[in-house]
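Undergrad: Sequences listed follow chains L and F, in order.
Under the numbering used here, the letters of the first sequence match residues 1 to 108, in that order.
Under the numbering used here, the letters of the second sequence match residues 109 to 222, in that order.
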Amino acid sequence: AQRVTQPEKLLSVFKGAPVELKCNYSYSGSPELFWYVQYSRQRLQLLLRHISRESIKGFTADLNKGETSFHLKKPFAQEEDSAMYYCALLYNNNDMRFGAGTRLTVKP
Amino acid sequence: DVKVTQSSRYLVKRTGEKVFLECVQDMDHENMFWYRQDPGLGLRLIYFSYDVKMKEKGDIPEGYSVSREKKERFSLILESASTNQTSMYLCASSLWGDPNTEAFFGQGTRLTVV
């Protein structure tokens, strides 16, 4: 079975502190992983994808195949980062499954 | 710049009613998805479709069916609505066969079954 686990439902940090949102996956093939974000009253949207190795809004995520993880990190959290974050696994190039999500709150 | 449109933002239906949720995308995407979003459970895939008239069951298809008669439209049907189907429903679309694909989401339909 292909599964995505986000162990933290809620995460709260102070502005300027580092933040790490955890994501673990189980998949026997070669994974394509993504992070999606949903800000208050907005649509769910793509934040970043592992294949691009990009940094978006200061966030990065590294695929660790040995630990089957794709944790999202940012060295200095900002208040505008407060949102719901979903890790997603694409398998067979078409089927996309999401984790349970983590609500990040960045306090002033 | 709306790309995926769901027909209703809010719906209130009675138990036992047949409910249709409509989704239209204008990006010529082959893949379309229906998820339900519940607190603590995240997005759970109900059905997805990779082509017209094609459909695949997701993790929670029970109580739901879908219809894809045209490429741009994907409908979710609740044959006999029940209170445990009260939820936020999200439609999404993506390109077929592209590992770099991005899924585009609609604004969501909040369904309440009373």
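C-beta atoms are modelled at their ideal positions from N, C-alpha and C, and glycine is treated no differently.
Rounding to the nearest angstrom, what Cα-Cα distance links Gly124(F) and Tyr155(F) in this structure?
TA: In the second sequence, counting from the first residue as 1, residue 124(F) sits at position 16. In the second sequence, counting from the first residue as 1, residue 155(F) sits at position 47. Straight-line Cα distance between these residues: approximately 21 Å.
Undergrad: Quick one: which chain F residues come within Cβ less than 9 Å of Tyr39(L)?
TA: Position 39 of the first sequence, counting from 1, holds the residue named residue 39(L). Correct list: empty, because the minimum Cβ distance to chain F is about 12 Å.
Undergrad: Rounded to whole angstroms, how far is the Cβ of Trp142(F) from the Cβ of Leu184(F), which I believe are closer than 8 Å?
TA: Here residue 142(F) corresponds to residue number 34 of the second sequence, with the count starting at 1. Here residue 184(F) corresponds to residue number 76 of the second sequence, with the count starting at 1. Yes, Trp142(F) and Leu184(F) are in contact; Cβ-Cβ is about 5 Å, under 8 Å.
Undergrad: Starting from Leu44(L), find everything on chain F with Cβ-Cβ shorter than 7 Å and list it in chain order.
TA: Indexing the first sequence from 1 puts residue 44(L) at position 44. Correct list: Leu198 and Phe213.
Undergrad: Relative to chain F, which residues along the stretch 80 to 101 of chain L have a C-beta separation below 8 Å, given in chain order?
TA: Tyr86, Ala88, Leu90, Asn93, Asn94, Asp95, Met96, Arg97, Phe98, Gly99, Ala100 and Gly101
Undergrad: Checking the sheet assignment: what are the DSSP bridge partners for Asn24(L)?
TA: Counted from its first residue, the first sequence places residue 24(L) at position 24. Bridge partners of Asn24(L): Thr5(L) and Ser69(L).
Undergrad: Excluding sequence positions up to five away, which residues of its chain have a Cβ less than 7 Å from the Cβ of Tyr85(L)?
TA: Walking along the first sequence from the start, residue 85(L) turns up at place 85. Correct list, in chain order: Leu21, Trp35, Val37, Leu72, Gly101, Thr102 and Leu104.
Undergrad: So with Cβ pairs under 8 Å, would you call Lys22(L) a contact of chain F?
TA: As a working mapping, residue 22(L) is identified with position 22 in the first sequence. No - not a single Cβ of chain F is within 8 Å of the one on Lys22(L).
Undergrad: In the DSSP assignment, find the beta strand (DSSP E) that holds Met135(F) and state where it starts and stops.
TA: Position 27 of the second sequence, counting from 1, holds the residue named residue 135(F). Run containing Met135(F): none; DSSP gives neither H nor E here.
Undergrad: By the criterion of Cβ-Cβ separation under 7 Å, what are the contact partners of Glu170(F) in chain L?
TA: Indexing the second sequence from 1 puts residue 170(F) at position 62. Neighbours of Glu170(F) on chain L: none; closest Cβ ~17 Å, over 7 Å.
Undergrad: Tell me whether the beta-carbon of Leu203(F) lies closer than 8 Å to the beta-carbon of Glu138(F).
TA: If you number the second sequence from 1, residue 203(F) lands on position 95. If you number the second sequence from 1, residue 138(F) lands on position 30. Closer than 8 Å, so yes.
Undergrad: Would you identify the three-state DSSP class for Glu64(L), choosing helix, strand or coil?
TA: Taking the first residue of the first sequence as position 1, residue 64(L) is located at position 64. Note that residue 64(L) is Asn in the sequence shown here, rather than Glu. Here Asn64(L) sits in strand by DSSP.
Undergrad: Mind pulling the chain L residues with CB within less than 7 Å of Tyr158(F)?
TA: Here residue 158(F) refers to the residue found at position 50 when the second sequence is read from its first residue. Correct list: Asn94.
Undergrad: How long is the line joining the alpha carbons of Leu149(F) and Ala88(L), rounded to whole angstroms?
TA: In the second sequence, counting from the first residue as 1, residue 149(F) sits at position 41. In the first sequence, counting from the first residue as 1, residue 88(L) sits at position 88. Straight-line Cα distance between these residues: approximately 13 Å.
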